[in-house]
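To start, the structure itself, in structure tokens.
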Amino acid sequence: MIDAIELALLTGSLAHACEEMGRVLIHSAHSPNIKERRDASTALFNADGEMVMQAEHIPVHLGAMPAAVAAVRPLLDALGPPARWPAGEEPAFLLNDPYAGGTHLPDITVVVPVRAGAHLIGFAAARAHHADVGSPTPGSMPADSVTLADEGVVISPRRLDDATVEALVTQMRAPAQRRADLRAQLAACRTGAAHLRALSDRHGVSGLTDALAEVLDYAERRTRAGITALGDGVRTASDHLETATGLLTLQLRATIAGDTLTLDFSGSAPEYAGNLNCPLAVTTSACYFAAKVLTDPDIPANAGAYRPVRVIAPSGCLLNARPPAAVAAGNVETSSRVADLVLGAFGLALGQGTMNNLTLGDADRVYYETIGGGQAASATADGPSGVHVAMSNTLNTPVEALELEYPLRMVRYALRRGSGGAGTHRGGDGVIRELEALAPLTYSLITERRQLAPAGAAGGGPGARGRNTLDGVELPGKCVGSLAPGQRLRIETPGGGGYGARP
């Protein structure tokens, strides 16, 4: 048992280590998607594969990363105990298979087991969204994929070495950039491993094991207290995802009994013949994020905080899909709707509810970004404008970097004034982002809230729906097409819902 001061110091040390991992990854990466937008995440795990700390990065990455560590355990076990591992640095592993520890194919995860002497003391992991992983559509975020094979190269859990990297990146666009980004991920994991070994030197192997258990128990206690404060009862909510042929319904029954929260999505739409499907790890990740928002955002986000939360999603439904169902949009759009369902069930207004995914590219260059919008208002404040909401925590690509790296010109980048929902507290405004192609390019759009607006709460008004246009002609929320030089693609992102009746 460690005292409160030691617990605070250890928690701070772990958080610092994860943030340092993130800095190494971001500063070492070559692609603008990672070095500018910071579409990457880092975390540390104990020897049992439980996440003990994560950096304040991408929620949809982090809650799902424990599945990646679990997926590489059989490979690690096959190497035998740490004393039998090759001399030098620990072995490394990578994967992107959504049904074996991943989320969607562009998110490649690198996992490094960490040893101190002859003992396994934990794992370091880094997940990053690669701008392309070999899909027929540049950017590997096709709006029209039907199976996983349509979305790029599927990487089952395997050892990470030079031969593996070369075999993979030659199947992807901009292989030099892919290679460099993977090296940056490995460097980030090596940094995390060094921090864990330093903690082991300070506490001893058994002492570190006990101390990490205390960190998990601390987060669990605080989460249980936060759930208890919400009050017993059953809350329900329903919402929809948008397709070209209609709406897909998601259902939630949220039950609080004492200090536990059960989130039951039974009755939600079955697997879809498109890419809005979610592997279960993505669904649980969105639930954990929402539970953190509802209880206390300052609780360390680790496996302990997740213990009081139970997620039910029947196999074969949209939120627990089975291979080979396509999942490119599930990770970004369906995860956002899952978070909306949980927050809405507890009376919160909703933010933009979409990541506004845009990819542009050709045979040699690939551009991908998510675009910010309006956040929901709360009972005490207006919602912020032009921010990434819920499951996304990235940045927009700076105009200077975009125009330097790609044959694009930014025509307009501004707040979408008045798009936030009305109320005692107004929802945040979305943004307008208009790009002009300077060379022939293929585009793909995966967006939501183009048909149904983000809801307000307690009498507050909805945020404005989003809108996509090409040369002024409205586009569907999800589409693939071509741009000729001089054509302009314009994205108007949704506003957040308002809170409270209008004064």
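Residues in the sequence shown are numbered consecutively from 15, following the working numbering. Ideal Cβ positions, reconstructed from N, Cα and C, are used throughout, including at glycine.
Asked, Found
"Residues sharing a beta bridge with I326, DSSP", "D278"
"Touch test, the region 38-50 against the region 214-221, Cβ-Cβ under 8 Å, three pairs minimum", "no"
"Range covered by the beta strand (DSSP E) that runs through Q68", "M65 to Q68"
"Close-in-space but distant-in-sequence residues of the same chain around L429 (CB under 8 Å, 5 per side omitted)", "S399, G400, D443, G444, V445 and I446"
"S406 CB to nearest heavy atom of the ligand COA below 7 Å", "Although the ligand COA was asked about, the structure shown includes no ligands whatsoever."
"Three or more C-beta pairs below 8 Å linking the region 346-354 and the region 91-101", "no"
"C-beta contact flag for N410 and I385 at 8 Å", "yes"
"Contact the region 305-318 vs the region 228-242: 3+ CB pairs below 8 Å", "yes"
"Touch test, the region 465-483 against the region 433-440, Cβ-Cβ under 8 Å, three pairs minimum", "yes"
"At least three beta-carbon pairs within less than 8 Å, the region 369-378 to the region 180-198", "yes"
"G480, buried or exposed, once every other Cβ within 10 Å from all chains shown has been counted against 16", "buried"
"Cβ pair count under 8 Å reaching 3, the region 361-372 against the region 132-149", "no"
"S399: first and last residue of the uninterrupted beta strand (DSSP E) it sits in", "That residue, S399, is in no beta strand (DSSP E); it is neither H nor E in DSSP."
"Three-state secondary structure assigned by DSSP to I385", "coil"
"CB contact flag (G387, T507, <8 Å)", "yes"
"Segment limits, beta strand (DSSP E) that includes H209", "From DSSP, H209 is part of no beta strand (DSSP E) but of the alpha helix (DSSP H) over P189 to H217."
"Where the alpha helix (DSSP H) containing P46 begins and where it ends", "P46 to K49"
"Beta-carbon proximity list for G240, same chain, < 8 Å, skipping 5 on both sides", "L308, T309, D310 and I313"
"Cα-Cα separation between C301 and P73, rounded to whole angstroms", "10 Å"
"As assigned by DSSP and simplified to three states, the class of E180", "helix"
"Neighbourhood of R321 by C-beta, 6 Å cutoff - its chain only, sequence neighbours within 5 removed", "E234"
"Beta carbon of T368 nearer than 8 Å to that of R440", "no"
"Beta-carbon proximity of P293 to A327, cut-off 8 Å", "no"
"Three-way DSSP call (helix, strand, coil) for H118 in this model", "coil"
"Uninterrupted beta strand (DSSP E) stretches inside the region 215-268 (no shorter than 3 residues)", "247-257"
"Assigned secondary structure, H144 (DSSP; H/G/I helix, E/B strand, else coil)", "coil"
"Alpha carbon of A268 to alpha carbon of R192, nearest angstrom", "41 Å"
"Alpha-carbon to alpha-carbon, L264 and T250", "11 Å"
"Buried or exposed by the 16-neighbour rule on C-beta atoms within 10 Å, applied to I270", "buried"
"Test item: CB-CB of G77 and S329 under 8 Å", "no"
"Exposure label - I169; buried when at least 16 CB within 10 Å", "buried"
"Beta-carbon proximity of M65 to A29, cut-off 8 Å", "no"
"C-beta contact flag for A198 and A43 at 8 Å", "yes"
"Beta-bridge partners of H133, as assigned by DSSP", "A130"
"Other residues of its chain near A287: CB distance less than 8 Å, five sequence neighbours each side excluded", "V160"
"Rounded C-alpha distance that separates P100 from L109", "21 Å"
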